[in-house]
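For reference, the structure discussed in these notes is given below.
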Amino acid sequence: MYEQNIMYEQNMDIQRGIRAFVEDIIKPNAEQVDRKEEVSEELMLEIKKSGYLGATISKKYGGLAYNNKDLFILHEEAGKGCSSFRSLLTVHGMVSVAIERWGDEEQKEKYLPLLAKGDLIASFALSEPEAGSDISQIKTKAELSGDQYILNGSKKWTTFGQIADLFLVFVLCNEKPTALLLDRNTDGFQIIPINGLLGARGSMIAELKFEDCKVDKDKMIGRPGMGLSHIALSCLDYGRFFVASSCVGLSQACLEASLDYSKKRKCSGKAIRKHQLIQKKISEMIVNTEASRLLCQKAAYLKDQKDPNSIMATWHAKYFAAKTAVKVASEAVQIHGANGCISSNSVERYYRDAKINEIIEGSNEIHELLISINGYKNY
Amino acid sequence: MTGLQHKERICKFLGRFFNINDVEEDDNFFEKGFVNSLFYMQLLMFIENEFGISVLPDDINSQNFNSIKNIVEFIEKKNNIKAG
Numbered sequence: 003m004y005e006q007n008i009m010y011e012q013n014m015d016i017q018r019g020i021r022a023f024v025e026d027i028i029k030p031n032a033e034q035v036d037r038k039e040e041v042s043e044e045l046m047l048e049i050k051k052s053g054y055l056g057a058t059i060s061k062k063y064g065g066l067a068y069n070n071k072d073l074f075i076l077h078e079e080a081g082k083g084c085s086s087f088r089s090l091l092t093v094h095g096m097v098s099v100a101i102e103r104w105g106d107e108e109q110k111e112k113y114l115p116l117l118a119k120g121d122l123i124a125s126f127a128l129s130e131p132e133a134g135s136d137i138s139q140i141k142t143k144a145e146l147s148g149d150q151y152i153l154n155g156s157k158k159w160t161t162f163g164q165i166a167d168l169f170l171v172f173v174l175c176n177e178k179p180t181a182l183l184l185d186r187n188t189d190g191f192q193i194i195p196i197n198g199l200l201g202a203r204g205s206m207i208a209e210l211k212f213e214d215c216k217v218d219k220d221k222m223i224g225r226p227g228m229g230l231s232h233i234a235l236s237c238l239d240y241g242r243f244f245v246a247s248s249c250v251g252l253s254q255a256c257l258e259a260s261l262d263y264s265k266k267r268k269c270s271g272k273a274i275r276k277h278q279l280i281q282k283k284i285s286e287m288i289v290n291t292e293a294s295r296l297l298c299q300k301a302a303y304l305k306d307q308k309d310p311n312s313i314m315a316t317w318h319a320k321y322f323a324a325k326t327a328v329k330v331a332s333e334a335v336q337i338h339g340a341n342g343c344i345s346s347n348s349v350e351r352y353y354r355d356a357k358i359n360e361i362i363e364g365s366n367e368i369h370e371l372l373i374s375i376n377g378y379k380n381y
Numbered sequence: 012m013t014g015l016q017h018k019e020r021i022c023k024f025l026g027r028f029f030n031i032n033d034v035e036e037d038d039n040f041f042e043k044g045f046v047n048s049l050f051y052m053q054l055l056m057f058i059e060n061e062f063g064i065s066v067l068p069d070d071i072n073s074q075n076f077n078s079i080k081n082i083v084e085f086i087e088k089k090n091n092i093k094a095g
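For the record, the sequence lines run as chains U and V.
Using the working numbering, the letters of the first sequence correspond one by one to residues 3 to 381.
Using the working numbering, the letters of the second sequence correspond one by one to residues 12 to 95.
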């Protein structure tokens, strides 16, 4: 396969392992996860056992210490199998990254081994009912009282908020954006499930409410004022990369389903793959999926080099890969005709899942703003 | 590497975001509105990668990274700590 030309041998080994896990465990459950809007306890146990929840975490803390090329592979394969599984890896990974990058040694030793094993599931609580794309509008407040912060406010669209044990919550403390770790069992903390999501329906999203929640002072990550500019943005950079990578997998799944179906389905006395309009669709699906993959691999390479250009490369990759996933999923449904419009066919789910990626981790429009602003400076 | 060499490399990097001739050595380029929120992340990655130092949470304050002069001083301070 063409991927072999640009991947190192160790990445191929990692890919084989992840692919087998996704094929054997994740994919057979994907339809049920979507229908029931949840990841079952049994499936969660398998995910924990796989070790992939520790993909971003250093070996020192029991993680897999994947580099970004490996993380790309993990999220591509995850996206190919089940978007909700990918959501879990994304938010859990984002919180793990925040603690390892900005936490103190005590916090790292306390949380990272538990996160690596999946003994704690983490969730990233940033968006609020009135603060989405413009994260500077968050209103949840924390007031310092003795050795504790008192939290009041709410969060919305918190992925895996329904079952997470640990929440990285972004608050304003004396008007300074600050990141705090909040335990699920904190008094005054309420989790309200949100159902009926269009896609990635098993992401178990929730609204969170804080009413005089007490959080010990030592649960702050970094320092007051760093919450958005350093912690949230560096987490979102990873989240954006993971979402982009999973879009490649989603596009690949649509492509493979379409290749398979178009070989079998006959119309006007011949397999539809023999019809030129189908061939045109397949060609565009192949080339656009490959282009997404290359943009993600470029971002991964630059991230591994710790190159500042990796940040814009990630924006480029996510923008293109999300748009491509929607386009490719739409064509996959079109190729499948009526058979693609029913929930028993995976392409129906892919189509709904794809759209979510144009909104999360920066909408298409926010990407267009930032990429163009950057373009006027750098091109 | 000398402070002058540090400055040259920092200016080259900053030149990708705004016209370096528009700022004096101690001008606060955040206050001048030359940069957006992503710039900070790019700047930290550049400093860590280019000068082989780790920026720790305690290093994060508006003073260390808001002007060419302060960035040079920060890098020299970190290098001195590293050298013992």
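Cβ coordinates follow ideal geometry from the N, Cα and C atoms, glycine included.
Around the C-beta of residue i, are 16 or more other C-beta atoms found within 10 angstroms, so that it is buried, or is it exposed?
i	result
ILE71/V	buried
ILE375/U	exposed
TYR378/U	exposed
GLY339/U	exposed
GLN6/U	Confidence at GLN6/U is low in this model, with a pLDDT of 49, below 50, so its placement is unreliable and the value that follows should be read with caution. Burial call: exposed.
GLN281/U	exposed
LYS283/U	buried
VAL289/U	exposed
GLY201/U	buried
GLU360/U	buried
GLN16/V	exposed
SER231/U	buried
ASN30/V	exposed
GLY26/V	exposed
SER1/U	The structure shown has nothing for residue 1/U, since chain U only spans 3 to 381.
GLU19/V	exposed
LEU67/V	exposed
PHE76/V	buried
LEU279/U	exposed
Roughly how many angstroms lie between the CA atoms of residue i and residue j, to the nearest whole one?
i	j	result
VAL97/U	ALA94/V	33 Å
MET3/U	MET14/U	Low per-residue confidence applies at MET3/U: pLDDT is 45, beneath 50, and the placement is therefore not dependable, though the value from the model is reported in the following sentence. The straight-line gap from Cα to Cα measures roughly 11 Å.
ILE313/U	CYS175/U	28 Å
GLU61/V	GLY95/U	26 Å
VAL245/U	MET206/U	17 Å
TRP104/U	ALA301/U	22 Å
GLN336/U	ALA32/U	22 Å
ARG186/U	VAL217/U	11 Å
THR291/U	GLN299/U	12 Å
LEU76/U	GLY65/U	14 Å
ASN197/U	GLU39/U	7 Å
GLY251/U	CYS269/U	29 Å
ARG275/U	ASP355/U	25 Å
ALA331/U	ASP33/V	48 Å
GLN150/U	GLU363/U	31 Å
GLN164/U	GLY14/V	52 Å
LYS329/U	ILE344/U	18 Å
LYS112/U	LEU170/U	15 Å
SER129/U	ARG37/U	25 Å
ILE419/U	GLU35/V	Since the first residue of chain U shown is 3 and the last is 381, residue 419/U is not available in this structure.
If residue i and residue j are in contact, beta carbons under 8 Å, what's the gap, nearest whole angstrom?
i	j	result
ALA100/U	LEU91/U	No, ALA100/U and LEU91/U are not in contact; Cβ-Cβ is about 15 Å, not under 8 Å.
ILE193/U	LEU210/U	6 Å
VAL24/U	LYS82/U	7 Å
SER78/V	ASN47/V	At roughly 17 Å, the Cβ-Cβ gap does not stay under 8 Å, so SER78/V and ASN47/V are not in contact.
ALA118/U	ILE28/U	Not confirmed; about 19 Å, so no contact.
LYS305/U	ASN70/U	4 Å
ALA323/U	LEU297/U	7 Å
PHE162/U	SER125/U	5 Å
PHE28/V	PHE57/V	Wrong, their Cβ atoms sit about 11 Å apart, outside the cutoff.
LEU153/U	THR142/U	7 Å
Considering only their Cβ atoms, is the gap separating residue j from residue i smaller than 8 Å?
i	j	result
ASN380/U	LYS325/U	no
TYR321/U	HIS369/U	yes
MET287/U	SER247/U	no
LEU183/U	ALA144/U	no
GLY224/U	ILE233/U	yes
ALA57/U	LEU47/U	no
PHE172/U	PHE191/U	no
LYS178/U	GLY227/U	yes
LYS294/U	SER253/U	The displayed chain sequence assigns Ser, not Lys, to residue 294/U. Yes. Within cutoff.
LEU55/U	GLY120/U	yes
Could you confirm whether any beta carbon from chain B is found closer than 8 Å to the beta carbon of residue i?
i	result
LYS379/U	Looking for chain B here will not work: the only protein chains present are U and V.
Chain U contacts made by the region 39-64 of chain V, where a contact means CB separation under 8 Å: Listed by position, the residues of the region 39-64 of chain V near chain U (Cβ gap below 8 Å) are ASN47, SER48, LEU49, TYR51, MET52, GLN53, LEU54, LEU55, MET56, PHE57, GLU59 and ASN60.
Chain-ordered residues of the region 309-324 of chain U with a beta carbon less than 9 Å from chain V: Residues passing the 9 Å Cβ filter: ASP309, PRO310, ASN311, SER312, ILE313, MET314 and TRP317.
Contact list for the region 65-86 of chain V against chain U, Cβ threshold 7 Å: Within the region 65-86 of chain V, those residues whose Cβ lies closer than 7 Å to any Cβ of chain U are, in chain order, PRO68 and ILE71.
Contact set between the region 100-112 of chain U and chain V, restricted to residues whose Cβ is under 7 Å from the partner: Listed in sequence order: TRP104.
Contact residues within the region 230-241 of chain U, judged by C-beta distance below 7 Å to chain V: Those would be SER231, HIS232, LEU235, SER236 and ASP239, in chain order.
Residues of the region 205-229 of chain U with Cβ closer than 9 Å to any Cβ of chain V, in chain order: Listed in chain order, the positions of the region 205-229 of chain U with a beta carbon within less than 9 Å of a beta carbon of chain V are ILE223, GLY224, ARG225, GLY227 and MET228.
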